[in-house]
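FYI, the working numbering numbers position 14 of the sequence shown as 85, with every residue one higher than the one before it.
Built from N, CA and C at the ideal position, the CB exists for glycine as well.
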Amino acid sequence: MFIEQPSFWLRLLYPDALWRINPKERAVYLTFDDGPIPEVTPRVLDILDHYGVKATFFMVGDNVRKHPEVFEMVKSRGHRLGNHTFNHLGGIRHSTKEYVLNIHKANTLIHSDLFRPPHGWLRHRQYHFFKRHYKLVMWDVVTRDYSKRLTAEEVFENVKRYARPGSIITFHDSLRSASKLWYSLPRSIEWLLAEGYEFKLIP
Numbered sequence: 072m073f074i075e076q077p078s079f080w081l082r083l084l085y086p087d088a089l090w091r092i093n094p095k096e097r098a099v100y101l102t103f104d105d106g107p108i109p110e111v112t113p114r115v116l117d118i119l120d121h122y123g124v125k126a127t128f129f130m131v132g133d134n135v136r137k138h139p140e141v142f143e144m145v146k147s148r149g150h151r152l153g154n155h156t157f158n159h160l161g162g163i164r165h166s167t168k169e170y171v172l173n174i175h176k177a178n179t180l181i182h183s184d185l186f187r188p189p190h191g192w193l194r195h196r197q198y199h200f201f202k203r204h205y206k207l208v209m210w211d212v213v214t215r216d217y218s219k220r221l222t223a224e225e226v227f228e229n230v231k232r233y234a235r236p237g238s239i240i241t242f243h244d245s246l247r248s249a250s251k252l253w254y255s256l257p258r259s260i261e262w263l264l265a266e267g268y269e270f271k272l273i274p
């Protein structure tokens with residue numbers, strides 16, 4: 072559960088970050104990390120369109136550079152965009168200056184006020200810098216669709232077990248996640264709709 076639904080103590084490390092939205096409202100917020108990827112993102116968009124769902128995509132700047140047509144496809148279908156660094160950098164392994172420059176480089180292409188750090192970790196100085204310039208968006212449920220140890224059925228079970236009112240739910244439109252995504256994403260949407268949840272964009 073520490074991974075799938077971050078603990079209270081982990082959330083305290085970044086108290087101004089957005090981990091969960093209004094728990095009194097029966098709504099959830101789908102997010103996708105690591106795209107855009109031509110082999111994955113368009114099919115994700117088709118699934119979302121099928122159910123009339125909008126989501127927020129935290130994009131890697133270098134993927135936007137390489138696949139601008141897929142980036143434009145996400146924008147044109149009415150989804151929200153977020154910054155996920157230019158090279159999928161983890162903040163702990165890089166200096167604040169290097170990390171900030173990398174995020175700004177990504178934002179010359181993405182143009183978003185939302186930022187999600189890869190792996191969810193930031194140095195303290197990085198956190199204090201970014202909370203002044205971006206809305207930091209973490210998650211309330213990470214599906215772990217990227218994990219080789221989980222089956223597609225278990226990814227779906229993570230959604231069923233941990234989703235709750237206000238949850239920010241994270242999938243990945245990446246090659247690593249694709250095989251599990253095609254099973255778990257439509258079933259997760261159908262289950263959440265059946266449970267009375269509304270899908271909303273990160274505000």
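Counting only runs of 4+ residues fully inside the region 152-199, write out the alpha helix (DSSP H) ranges in chain order. The qualifying runs are 167-181.
Cβ of Thr-214 within 8 angstroms of any chain B Cβ: The structure shown has no chain B; it contains just one protein chain.
Report yes or no: do three or more beta-carbon pairs, one from the region 111-123 and one from the region 76-91, lie closer than 8 angstroms? In short, these stretches do not touch, since the Cβ pair count stays below three.
Which runs of the beta strand (DSSP E) spanning at least 3 residues fall entirely within the region 85-115, listed in chain order? 98-104
For Phe-227 and Glu-261, the rounded distance between their alpha carbons: 11 angstroms
What do you get for Tyr-217, buried or exposed, if any count of 16 or more other CB atoms within 10 angstroms of its CB means buried? buried
Nearest to Gln-197 (by Cα), restricted to the options Lys-206, Asp-211, Val-171: Val-171
I'd like to know if the region 238-251 and the region 100-107 are in contact, where contact means that at least 3 CB-CB pairs between them fall below 8 angstroms. With a cut-off of 8 angstroms, the region 100-107 and the region 238-251 count as touching, because enough Cβ pairs lie within range.
So who's on the other strand from Phe-128, going by DSSP bridges? Phe-103, Leu-152
Out of Ala-234, Arg-215, Leu-264, Pro-189, state which residue places its alpha-carbon closest to the alpha-carbon of Gly-132. Pro-189
Relative to the alpha-carbon of Tyr-254, which residue among Ser-238, Thr-214, Ala-265, Phe-270 has its alpha-carbon at the smallest distance? Thr-214
What separation, rounded to the nearest whole angstrom, lies between the Cα atoms of Met-130 and Ile-181? 8 angstroms
Using the three-state DSSP reduction, which class does Ser-78 fall into: helix, strand or coil? coil
Starting from Ile-240, trace the beta strand (DSSP E) in both directions and tell me its first and last residue. Ile-240 -> beta strand (DSSP E) spans 239-243.
Buried or exposed (CB count within 10 angstroms, at least 16 for buried), Phe-157: buried
Between the Cα of Ile-239 and those of Glu-110, Ile-273, Ile-174, Gly-123, spot the shortest distance and give me the residue it belongs to. Ile-273
Considering only their Cβ atoms, is the gap separating Leu-89 from Leu-207 smaller than 8 angstroms? yes
Helix, strand or coil at Glu-269 [DSSP, three-state]: strand
Ile-163: which of Phe-142, Gly-191, Thr-222 sits nearest, CA to CA? Ranked by how close their Cα comes to the Cα of Ile-163, the residues Phe-142, Gly-191, Thr-222 have Gly-191 in first place.
Look at Gly-149 and Thr-127 and say whether their C-beta atoms are less than 8 angstroms apart. no
I'd like to confirm the pairing. Which residues does DSSP put opposite Leu-207 in its beta bridges? Phe-186
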